[in-house]
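S.K.:
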Amino acid sequence: MLRCEKLTCVREDRVLFKDLSFVIKPGEIVQVEGPNGVGKTSLFRLVIGLSLPYQGDIFWQDTPITDDREHFYQKLLYLGHKTGIKPELTALENLQFFQKLQPSHKNLDLWEILAKVGLAGYEDIITAQLSAGQQRRVALARLWLNDCPLWILDEPFTAIDKSGVKVLENLFLQHAAQGGIVLLTTHQDLSLDKKHLSKIILEKPQDNFYV
Amino acid sequence: MFKVFLQVVSKELKGAFRRQSDILNPVWFFIIVVTLFPLGIGTDPILLARIAPGVIWVAALLAALLSFERLFKDDFIDGSLEQLMLMPHPLAWLVSAKVFAHWLLTGLPILFISPLLAIFLSMETNTYFALFLTLLIGTPILSLLGAIGVALTVGLRKGGILLSLIMLPLSIPILIFSTLAIDAAAYGQSYLGLLALLGAMLVTSITLAPFAIAASLRVSVS
Chain A
0 MLRCEKLTCV REDRVLFKDL SFVIKPGEIV QVEGPNGVGK TSLFRLVIGL SLPYQGDIFW
60 QDTPITDDRE HFYQKLLYLG HKTGIKPELT ALENLQFFQK LQPSHKNLDL WEILAKVGLA
120 GYEDIITAQL SAGQQRRVAL ARLWLNDCPL WILDEPFTAI DKSGVKVLEN LFLQHAAQGG
180 IVLLTTHQDL SLDKKHLSKI ILEKPQDNFY V
Chain B
0 MFKVFLQVVS KELKGAFRRQ SDILNPVWFF IIVVTLFPLG IGTDPILLAR IAPGVIWVAA
60 LLAALLSFER LFKDDFIDGS LEQLMLMPHP LAWLVSAKVF AHWLLTGLPI LFISPLLAIF
120 LSMETNTYFA LFLTLLIGTP ILSLLGAIGV ALTVGLRKGG ILLSLIMLPL SIPILIFSTL
180 AIDAAAYGQS YLGLLALLGA MLVTSITLAP FAIAASLRVS VS
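Protein sequence lines correspond, in order, to chains A and B. Following numbering that gives the first Met the number 0, the numbering of the first sequence begins with 0 at its first residue and continues without gaps. Following numbering that gives the first Met the number 0, the numbering of the second sequence begins with 0 at its first residue and continues without gaps.
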C-alpha cells in the first residue's frame, strides 16, 4: 500500500501542488493526469524518494520511504522519461546488469523476454543504434523481468506503437490482478475500463502563488 | 555485496572500452603536456630532473580534472544515475565502485606511462620510484575527491568551472606532499613520513568520500 499525506511540492519558488493526499491499494492501476508542467514527474520523483517534499510524508506499508530506502527500492520499479539504458551497451548487456544488481529481477531467459518485447534479432546490437521506440522497449523489458509489487512509470508509452501499448495494458492488468500497483502518467487514452483504472487529476493552482 | 561492486565496475569498463576516445583523451593529454616541457624548456638534464616531479604531478592533476566530467554526467543524461540511486544497495557502495572504475581508466594508465615520461625528463631511478609511489597513492585520492565535486555539480548545465574551483583547493595538499616526497628522494633523504601522510589521506578519503559522494548525489539529482 502506498500512502501519500498532504504532499506539497515547490519548484523554483512556485507551488506545483499543495496538500495532495492519496492512498493506492494493491491491485490498483492509477493514472496521473494533467497538463504539461503541472507536476506529474515531480510527484513521481517525490514518491520514489529522489527528491524530498516541501511538506508531507510518503509511506510504503506504513513506513516512511526514506527510513529504509533499501527495503523500499526492493519493491519498486521506476521507469522515467530517461530510460536508464546505457547507449554503448547492447540490449542484452543492459538487462543483464539490472538482473544481476536487483534481487527483484528474476532469473529468466533474457533472449525470450527480448523476443517478447519485439526485439528478437536485436539482442547484440548496441542500443545507441536502435530506434527511439526500440530503446524504450529495452527499458520496458524490465517489466517482464521483475517481481516488484510497485511499478511507477513516467510516460511509458512514449515512442511505442499501438500494438505495443495494447500489450503493455494487458501486462498492467495482469500485474494488478496479482496484487501489484501501477502508477503511471500518459497523455494517450488508455483502453482500460473504469473498474480497473482510477485517476489522480492534477490541476494548475488558481492562485499560482510564491512561497 | 562484492558481486554488486564487480558488476558496476565491469559495466563501467565495458562502456568505456566501447568509447575509447573518452578514456584515451586524459592519458593523451597527460603525455602531451609532459613531452612538451623538454621541447619548450630545453634539454638541460639537471633542470629537467629538478622540475620533473612538479610537471608530472601537475599534468596528472589536470588530466584527472579533464576526465571527471564523464564520471556521472553521461549517467545523469541517460537516466542510469537515477536507476543506480534506486538500487536496493547502499549508494555509497555503488558509487565507490564507479570511482574505482574511474581510477582504473585514468589513474592506472598514468602509472603505466610514468616510467617512459621519467626517462623523457631524465629522472633518476630512486626519484622515479618515489614518483611512482606518490602517484600510486595520490591518484586514487584525486579520483575520490573529484567525485565529490562532480556529484555536487552534476545537475548543473555548466558545472565545469565550478568543479575545478571545488576540486583544486582539495587536491593541493596531495600535490604538495607528493612533490615534497619526490624532492626528498632526489636529495637521498627518507621520504617514508611523507608517504605515510599521503597514505593517511588515502585511507581517510576511501572511508569518508563515498558517503560524501552519495549525499551530494542525493542533493543534486533531486
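Note that CB positions come from ideal geometry on N, CA and C, so glycine has one too. Everything numeric in this text was worked out from a predicted model, so none of it was measured.
Going by the DSSP bridge assignment, what does Q54 of chain A pair with across the sheet?
M.R.: Translated into the one-based positions of the first sequence, residue 54 of chain A becomes position 55. BP columns for Q54 of chain A point to A:T7.
S.K.: If the cut-off is 9 Å on Cβ atoms, which residues from the segment 70-93 of chain B count as contacting chain A, listed in chain order?
M.R.: D73, D74, F75, I76, D77, G78, S79, L80, E81, Q82, L83, M84, L85, M86, P87, H88, P89, L90 and L93
S.K.: How many angstroms separate the CA atom of L144 of chain A from the CA atom of I31 of chain B?
M.R.: Sequence index remark: in the first sequence, residue 144 of chain A carries index 145 (1-based). Sequence index remark: in the second sequence, residue 31 of chain B carries index 32 (1-based). Their backbone Cα atoms lie some 48 Å apart in a straight line.
S.K.: Give a yes or no on whether the minimum CB-CB distance between Q295 of chain B and chain A is below 8 Å.
M.R.: Beyond the ends of chain B as shown, which are 0 and 221, falls residue 295 of chain B; an answer cannot be given.
S.K.: For a contact meaning CB atoms closer than 8 Å, what does G79 of chain A contact in chain D?
M.R.: The question asks about chain D, but that chain is absent: this structure's protein chains are A and B.
S.K.: By how many angstroms is the C-alpha of P139 of chain B removed from the C-alpha of D188 of chain A?
M.R.: For the purposes of this step, residue 188 of chain A is identified with residue 189 of the first sequence, where counting begins at 1. For the purposes of this step, residue 139 of chain B is identified with residue 140 of the second sequence, where counting begins at 1. The C-alpha of P139 of chain B is placed about 52 Å away from the C-alpha of D188 of chain A.
S.K.: For a contact meaning CB atoms closer than 7 Å, what does K85 of chain A contact in chain B?
M.R.: What you label residue 85 of chain A is simply residue 86 of the first sequence in a count that begins at 1. In chain order: G14, D77 and S79.
S.K.: Hey, is L91 of chain A's beta-carbon within less than 8 Å of any beta-carbon in chain B?
M.R.: The residue labelled residue 91 of chain A in the question sits at position 92 within the first sequence. For L91 of chain A, the answer is no, since every Cβ of chain B falls outside 8 Å of its Cβ.
S.K.: Please tell me whether L216 of chain B and L193 of chain B are closer than 8 Å, where the distance is taken between their beta carbons.
M.R.: On the second sequence, position 217 is the one that residue 216 of chain B refers to. On the second sequence, position 194 is the one that residue 193 of chain B refers to. The answer is no: Cβ separation not under 8 Å.
S.K.: Measure the C-alpha to C-alpha separation of I128 of chain A and E11 of chain B and round it to an integer number of angstroms.
M.R.: In the first sequence, residue 128 of chain A corresponds to position 129, counting from 1. In the second sequence, residue 11 of chain B corresponds to position 12, counting from 1. A small correction: the amino acid at residue 128 of chain A is Gln; Ile does not occupy that position in the sequence shown. For Q128 of chain A and E11 of chain B, the distance between alpha carbons rounds to 19 Å.
S.K.: May I have a chain-ordered list of the beta strand (DSSP E) segments no shorter than 3 residues that lie completely inside the segment 97-168 of chain A?
M.R.: 149-153
S.K.: Going by the beta-carbon positions, is the gap between I23 of chain A and L196 of chain A smaller than 8 Å?
M.R.: Here residue 23 of chain A refers to the residue found at position 24 of the first sequence. Here residue 196 of chain A refers to the residue found at position 197 of the first sequence. It is not a contact, given that the beta carbons lie outside the stated cut-off.
S.K.: Do C8 of chain A and G48 of chain A have their C-beta atoms closer together than 8 Å?
M.R.: Within the first sequence, residue 8 of chain A is the residue found at index 9, counting from 1. Within the first sequence, residue 48 of chain A is the residue found at index 49, counting from 1. No, the pair does not count as a contact, with Cβ atoms beyond the cut-off.
S.K.: Considering Cα atoms alone, identify which of B:S95, B:F75 and B:D21 is closest to V153 of chain B.
M.R.: As a position in the second sequence, residue 153 of chain B is number 154, starting the count at 1. Ranking the options by Cα distance to V153 of chain B, first place goes to B:F75.
S.K.: Under the three-state reduction of DSSP, which class applies to D43 of chain B: helix, strand or coil?
M.R.: Stepping through the second sequence from its first residue, residue 43 of chain B is reached at position 44. Of the three classes helix, strand and coil, the one that applies to D43 of chain B here is coil, per DSSP.
S.K.: Should Q188 of chain B be flagged as near chain A, meaning a C-beta pair shorter than 8 Å?
M.R.: As a working note, residue 188 of chain B is residue 189 in the second sequence. For Q188 of chain B, the answer is no, since every Cβ of chain A falls outside 8 Å of its Cβ.
S.K.: Starting from V290 of chain B and walking both ways along the alpha helix (DSSP H), at which residues does that stretch end?
M.R.: Any question about residue 290 of chain B goes unanswered here, given that chain B covers just 0 to 221.
S.K.: Since L113 of chain A contacts A131 of chain A with CB under 8 Å, what's their CB separation in whole angstroms?
M.R.: Residue 113 of chain A sits at position 114 when you count from the first residue of the first sequence. Residue 131 of chain A sits at position 132 when you count from the first residue of the first sequence. Not confirmed; about 17 Å, so no contact.
S.K.: Are any of the Cβ atoms in chain B nearer than 8 Å to that of L100 of chain A?
M.R.: On the first sequence, position 101 is the one that residue 100 of chain A refers to. Closer than 8 Å: yes.
S.K.: Quick one: grab the DSSP three-state call for Q188 of chain B.
M.R.: Counting from one through the second sequence, the residue named residue 188 of chain B turns up at place 189. The answer is coil: DSSP assigns Q188 of chain B none of H, G, I, E or B.
S.K.: Taking the beta strand (DSSP E) that E32 of chain A belongs to, which residues open and close that run?
M.R.: The residue labelled residue 32 of chain A in the question sits at position 33 within the first sequence. Where E32 of chain A is concerned, the enclosing beta strand (DSSP E) stretches over I28 to E32.
S.K.: Run down chain A in chain order and give the residues with a C-beta less than 9 Å from the C-beta of S221 of chain B.
M.R.: Counted from its first residue, the second sequence places residue 221 of chain B at position 222. Those within 9 Å of S221 of chain B in chain A are R44, L49, S50 and L51.
S.K.: If the criterion is Cβ atoms closer than 8 Å, does the pair F16 of chain B and A59 of chain B meet it?
M.R.: Taking the second sequence and counting its residues from 1, one reaches residue 16 of chain B at position 17. Taking the second sequence and counting its residues from 1, one reaches residue 59 of chain B at position 60. No.
S.K.: Which of helix, strand or coil does DSSP assign to T206 of chain B?
M.R.: As a working note, residue 206 of chain B is residue 207 in the second sequence. T206 of chain B falls in the helix class under three-state DSSP.
S.K.: Going by other Cβ atoms of all chains shown within 10 Å of its Cβ, with 16 needed for buried, is G39 of chain B buried or exposed?
M.R.: Translated into the one-based positions of the second sequence, residue 39 of chain B becomes position 40. G39 of chain B comes out exposed.
S.K.: Check whether the Cβ of K97 of chain B lies closer than 8 Å to any Cβ atom in chain A.
M.R.: Here residue 97 of chain B refers to the residue found at position 98 of the second sequence. Chain A, which has no Cβ nearer than 8 Å to the Cβ of K97 of chain B, makes this no.
S.K.: Going straight from the alpha carbon of I57 of chain A to that of D73 of chain B, what length do you get?
M.R.: Position 58 of the first sequence, counting from 1, holds the residue named residue 57 of chain A. Position 74 of the second sequence, counting from 1, holds the residue named residue 73 of chain B. C-alpha separation (whole angstroms): 30 Å.
S.K.: What is the rounded straight-line gap between the Cα of A8 of chain B and the Cα of A91 of chain B?
M.R.: In the second sequence, the residue the question calls residue 8 of chain B occupies position 9. In the second sequence, the residue the question calls residue 91 of chain B occupies position 92. Residue identity check: residue 8 of chain B is Val in the sequence provided, not Ala. About 14 Å.
S.K.: Cβ atoms of Q30 of chain A and T185 of chain A: under 8 Å apart, would you say?
M.R.: As a working note, residue 185 of chain A is residue 186 in the first sequence. As a working note, residue 30 of chain A is residue 31 in the first sequence. Closer than 8 Å, so yes.
S.K.: Tell me which residues share the same chain as A175 of chain A and place their Cβ nearer than 8 Å to its Cβ, disregarding the 5 neighbours each side in the sequence.
M.R.: In the first sequence, counting from the first residue as 1, residue 175 of chain A sits at position 176. Result list for A175 of chain A: G26, E27, I28, V181 and H195, in chain order.
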